[in-house]
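See structure below.
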Amino acid sequence: MKKFYILTAHLFIAQLLLAQTPIIFRPSPGSNDGTDEGGASGGKDAWVYEGDAATNYGTSGYIQALPISNCNATHCEAFIQFDLSSLPADVDSVFFGVKHYPHTSYCYSGCDADFYFALIAAAWDETTINYNNFPARGSDIYGPVNISFPNDFGFVEYDITAAYRNWKNETVPNYGFNIYSPTITCNNAAVFFNIASSDDTEEANRPYLKIFTTPVGIESQLSKQMGLQCYPNPAGNQTTFEFTLAAAQNLVFELADVTGRLINTREYALAAGTNKLSVSLSDVNAGLYYYRLKTNAGQVSGKLVKK
541 MKKFYILTAH LFIAQLLLAQ TPIIFRPSPG SNDGTDEGGA SGGKDAWVYE GDAATNYGTS
601 GYIQALPISN CNATHCEAFI QFDLSSLPAD VDSVFFGVKH YPHTSYCYSG CDADFYFALI
661 AAAWDETTIN YNNFPARGSD IYGPVNISFP NDFGFVEYDI TAAYRNWKNE TVPNYGFNIY
721 SPTITCNNAA VFFNIASSDD TEEANRPYLK IFTTPVGIES QLSKQMGLQC YPNPAGNQTT
781 FEFTLAAAQN LVFELADVTG RLINTREYAL AAGTNKLSVS LSDVNAGLYY YRLKTNAGQV
841 SGKLVKK
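Start counting at 1 in the sequence shown, then tack on 540, and there's your number in the working numbering.
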């Protein structure tokens with residue numbers, strides 16, 4: 541199975557989203573009395589530890605997951621939930637942002653492991669959850685994230701758009717998600733998925749959702765002015781962009797994959813009036829891509845699927 545290695549934000553994708561102003565939803569610690577449900581003033585996260593199975597870590601300043609250990613009782617899993625009731629349903633993309641703690645000093649065994657995010661299958665209480673009673677997990681929503689020693693990832697954002705939409709449209713109940721590792725190893729200063737929690741004393745370190753709604757700013761207005769259409773989409777070996785330019789100008793077409801790697805850049809000299817730009821995709825593999833059209837008036841961008 542292809543591994544999803546931890547990546548920092550990619551410049552191309554960041555530029556694609558630049559015309560949108562994201563919503564940052566970062567819950568504060570809350571009262572930690574069992575009433576916190578992941579709202580803005582009541583963060584909900586915890587972790588459980590096999591070696592102290594009856595202990596609750598709902599007020600910890602961090603949450604962590606470790607592999608399944610075959611030599612000691614050190615397995616850990618993390619749990620987090622966001623209350624989405626005040627957040628928009630119509631979104632372009634949603635990212636789960638975290639601060640990772642570094643692991644650079646030493647690792648004796650268990651120095652490479654895969655981690656996943658999975659739906660939580662039942663309700664849970666931040667103040668009572670422990671290793672003896674933690675809820676079952678449902679299907680995975682992200683991963684694998686491969687972590688090996690040494691590492692110092694800092695701040696990372698993970699795309700959980702599909703899960704967010706399913707929670708908002710009630711396709712699945714929102715009990716949050718679980719961070720876990722199915723890797724079996726001997727944990728001895730092993731790698732971990734260790735991040736700041738909503739109880740971290742530094743607000744900037746706490747987990748958050750970065751939500752991009754459907755564009756309503758400069759980019760979407762430019763799209764309307766151009767009358768931009770992209771068809772077919774999904775496309776086969778060719779797609780066509782149709783638009784209207786107010787004046788003759790050079791137009792730059794860029795295509796990037798989901799990791800932000802630039803696949804293609806082409807420049808076209810176009811006349812004023814209605815224009816159709818046919819772009820060959822014969823050398824592009826099937827998958828999801830991001831396109832960008834750069835004009836004198838600004839840039840427009842979107843998603844393109846190659847069948």
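Using N, Cα and C, we set each Cβ at its ideal position, and we do this for glycine too.
Note that the structure is a prediction, hence the values are computed from the model and not measured.
Note on Asp623: 16 or more other CB atoms within 10 angstroms of its CB, so buried under the neighbour-count rule. Taking the Cβ atoms as the reference, Leu627 lies roughly 26 Å from Phe693, outside the contact range of under 8 Å.
By alpha-carbon distance to Phe793, the top candidate from Ala811, Leu802 and Lys834 is Lys834. Ranked by how close their Cα comes to the Cα of Gly582, the residues Tyr748, His615 and Lys639 have Tyr748 in first place. Distance from the Cα of Arg806 is smallest, within the candidate group Asn825, Asn672 and Ser818, for Ser818.
Between the C-alpha atoms of Ala736 and Ser568 there is a straight-line separation of about 12 Å. Each of Leu802, Tyr671 and Glu742 was checked against the Cα of Ala594, and the nearest Cα belongs to Tyr671. A distance below 8 Å separates the beta carbons of Phe657 and Ile681.
The shortest CA-to-CA distance from Phe636 to any of Ala786, Phe752, Gly842 and Gly838 is the one to Phe752.
Runs of the beta strand (DSSP E) lying entirely within the region 557 to 589 and spanning at least 3 residues, in chain order: 563 to 565 and 584 to 589. By the C-beta density criterion, Leu659 is buried, having at least 16 other C-beta atoms within 10 angstroms.
The alpha-carbon of Gly678 is positioned some 22 Å away from that of Val638. Note that the region 726 to 733 touches the region 605 to 617; at least 3 beta-carbon pairs, one per stretch, sit closer than 8 Å. Counting C-beta pairs closer than 8 Å gives fewer than three between the region 662 to 676 and the region 773 to 793, which falls short of the contact rule.
In the three-state reduction of the DSSP assignment, Thr779 falls in the strand class, which pools E and B. Ranked by how close their Cα comes to the Cα of Leu768, the residues Val840, Asn804 and Ser822 have Val840 in first place. The straight-line gap separating the alpha-carbon atoms of Tyr641 and Val696 is approximately 11 Å. Within the same chain, and ignoring the five residues on either side of Asn572 in sequence, the residues whose Cβ sits closer than 8 Å to its Cβ are Gly598, Thr599, Glu666, Thr667 and Asp739.
Taking all protein chains in view, the Cβ of Ala744 is surrounded by fewer than 16 other Cβ atoms within 10 Å, so the residue is classified as exposed. When secondary structure is reduced to three states using DSSP, Asn804 falls in the strand class.
CA-CA distance, Ser822 to Thr723, rounds to 39 Å. For Arg705, the uninterrupted alpha helix (DSSP H) segment begins and ends at Thr701 to Lys708.
In the three-state scheme derived from DSSP, where H, G and I count as helix and E and B as strand, Asn745 is classed as helix. Secondary structure at Asp623: coil, using DSSP grouped into helix, strand and coil.
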